[in-house]
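All remarks here apply to the structure that follows.
Residue numbers (the numbering used here): 83 to 314.
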């Protein structure tokens, strides 16, 4: 469509979440490349939007669009979120699931009527398994088109019939709610930008909220979060 000569002439293009091009799944990388190549040849303004890009990543993200740092205007707002408490918890590998369940139960018992909670998993299979055991809703990109659907599960969670949702990074890339009070990220294996995006979904109502990074692997806690593939 972009290369079609009949494509309407655009004067502006807004690229939201453009940091995704750094660590997107392989099946999406070609799309990002095609978009950047097309936009760079057009006579129009290019507006790159993101809440996750530190100054050190500005140039690498601008390069595919052939934008010069000296000719680009930057508008930055504070990314500080003092209302969010960040915690790291090491789980005993011999009983990590039991420890996770205990943490989730404890936090869930503190939720008010209008508050919600997420437990993020690195894979759809793990999210499904936890949802069955915890009797909660589940959200990921591979849910079937009928029965246990994303929309149905999201409605149950929104309405408060079930306050807890097990999910993957699919939730963090398109679902925004103001009343998420607790987020538990189990064995995070994503890039730092994705992990930060997950954490940023807590406390949009500016009330005190908490994010827990839990791991049964010392490397994640002592050596920092490790880069990896998304599990949408």
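For each residue, glycine too, the CB sits at the ideal point set by N, CA and C.
In the structure shown, what three-state DSSP assignment does residue 199 receive?
strand
By Cβ distance below 7 Å, which residues in the same chain neighbour residue 210 in space, the five residues on each side in sequence not counted?
220
Please name the residue in 289, 180 and 123 whose C-alpha comes closest to that of residue 263.
289
Report the residue from 123, 142, 253 and 136 whose alpha carbon sits nearest the alpha carbon of residue 202.
Looking at 123, 142, 253 and 136, the one whose alpha-carbon comes closest to that of residue 202 is 253.
Which ranges does the alpha helix (DSSP H) cover as unbroken runs of at least 4 residues, wholly within the stretch 152-234, from first to last along the chain?
DSSP assignment within the stretch 152-234 yields the following whole alpha helix (DSSP H) runs of 4 residues or more, N-terminal first: 178-190 and 206-216.
Starting from the Cα of residue 166, find the closest Cα among 297, 151, 298 and 278 and give me that residue.
278
Roughly how many angstroms separate the alpha carbons of residue 170 and residue 269, rounded to a whole number?
11 Å
Just checking, does the stretch 141-149 make contact with the stretch 99-108 on the three C-beta pairs under 8 Å criterion?
yes
Under the three-state reduction of DSSP, which class applies to residue 143: helix, strand or coil?
DSSP places residue 143 in helix when its eight states are reduced to three.
Please report how far the alpha carbon of residue 176 lies from the alpha carbon of residue 205, in whole angstroms.
20 Å
From the DSSP output, which residues share a beta bridge with residue 248?
DSSP output for residue 248 lists 201 and 220 as bridge partner(s).
In whole angstroms, give me the CA-to-CA distance for residue 131 and residue 241.
31 Å
Classify residue 116 as buried or exposed, calling it buried when 16 or more other Cβ atoms lie within 10 Å of its own Cβ.
exposed
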